[in-house]
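For the sequence shown, our numbering assigns the number 541 to the initial residue and increments by one for each residue that follows. Where is the CB? At the ideal position from N, CA and C, for every residue including glycine. Structure record follows, encoded as structure tokens.
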Amino acid sequence: MIEPQERLPGMIEEEDGAEATTLLIDPRIELEAERIAEALVFASAQPVSEGYIDARLPQGADVRRIMMRLKSIYAGRGVNLLQVGDYWAFRTAADLSFVVQADENEVRKLSRAALEVLAIIAYHQPVTRAEIEDIRGVQTSKGTLDVLMEAGWIRFRGRRRTPGRPVTFGSTRDFLDHFGLEELRDLPGLEELKGAGLLSGRIPANFQIPVPLGDDGFGEDEDPITQLDLEELGLLPPSGGDGE
541 MIEPQERLPG MIEEEDGAEA TTLLIDPRIE LEAERIAEAL VFASAQPVSE GYIDARLPQG
601 ADVRRIMMRL KSIYAGRGVN LLQVGDYWAF RTAADLSFVV QADENEVRKL SRAALEVLAI
661 IAYHQPVTRA EIEDIRGVQT SKGTLDVLME AGWIRFRGRR RTPGRPVTFG STRDFLDHFG
721 LEELRDLPGL EELKGAGLLS GRIPANFQIP VPLGDDGFGE DEDPITQLDL EELGLLPPSG
781 GDGE
């Protein structure tokens with residue numbers, strides 16, 4: 541005799557004909573899971589991962605379904621629930637950002653060079669410093685890259701499998717969060733940039749803006765950054781000792 545399947549806590553059975561039953565979350569448990577998820581994101585200044593939220597929800601709760609429902613609830617409010625990859629954060633609605641901006645908290649304006657470098661990295665990543673300079677047509681100072689690093693908008697991705705093994709750069713989750721993007725594919729395209737007046741009307745006829753891959757994986761010609769690489773770049777103190 542086959543024993544009936546044990547039900548998980550907080551789950552109820554819904555009859556569907558004479559043969560099959562469907563397990564559903566108790567509406568009270570679902571509501572409590574929604575409240576927990578809302579509180580976890582609200583209490584954090586940084587985007588919160590779905591994994592972190594899921595680990596704290598009642599057993600059987602569908603974290604993605606809960607977050608998407610919260611997102612729709614907050615869509616028309618002064619505060620929106622934004623998705624950044626598989627992370628979530630509450631942010632002021634874009635059309636109301638001017639109301640809450642304070643002069644003392646205003647982010648320092650980037651130089652034209654820094655904006656150009658940031659745009660190249662965002663659209664062309666993974667990209668090396670030499671490739672950035674080739675696209676811009678001028679040398680890129682270390683200070684420009686340092687400013688973007690300090691802002692938390694770019695990072696070292698890996699190392700290119702070419703002579704000298706140059707470092708590759710990519711954007712960060714903080715970059716997406718700051719500019720209100722869910723993923724890199726949400727970056728504006730050519731027509732959007734023209735409409736916003738960010739491109740000259742005299743651009744070449746064959747000018748194209750690459751579509752970001754939106755993939756954080758490493759390409760065939762790229763290796764991940766290792767601890768030794770970080771030591772060479774001066775981001776970590778040398779791990780080697782003098783011996784005993």
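- Partner residues in the beta bridge of V619, as assigned by DSSP, are T632.
- In the DSSP assignment, T684 falls outside any beta strand (DSSP E) and within the unbroken alpha helix (DSSP H) covering 682 to 690.
- Uninterrupted beta strand (DSSP E) stretches at least 3 residues long and entirely within the region 561 to 600 do not occur.
- Burial check for L685: the Cβ neighbour count within 10 Å reaches 16 or more, so the residue is buried.
- Annotation for F719: no alpha helix (DSSP H) segment contains it, and DSSP assigns it neither H nor E.
- Collapsing the DSSP output to three states places V667 in a strand.
- By the Cβ neighbour-count rule, Q665 is buried, with 16 or more other Cβ atoms within 10 Å of its own.
- Annotation: P567 to P598 spans about 12 Å, alpha carbon to alpha carbon.
- Rounded to whole angstroms, L770 and R705 show a C-alpha spacing of 13 Å.
- Taking 8 Å as the upper bound for CB-CB distance, A654 and V687 are in contact here, some 5 Å apart.
- By the CB criterion at 8 Å, D763 and G698 fall inside the cutoff.
- D763 carries a strand assignment under DSSP once its states are collapsed to helix, strand and coil.
- Take I593, set aside five residues on each side of it, and the residues of its chain with a beta-carbon closer than 6 Å to its own are A577, L580, V603, in chain order.
- DSSP places S651 outside both helix and strand once states are collapsed to three, so it counts as coil.
- In the DSSP assignment, the residues bridged to S711 are I694.
- Within its own chain, the residues whose Cβ lies closer than 7 Å to the Cβ of R700, once the five positions on either side in sequence are excluded, are T668, P706, T708, D761, E762, listed in chain order.
- Distances from the CA of R725 to each of M689, R695, V624, V639 were compared; the closest alpha carbon is that of V624.
- Comparing alpha-carbon positions, the option among R631, G600, R676 lying closest to G720 turns out to be R631.
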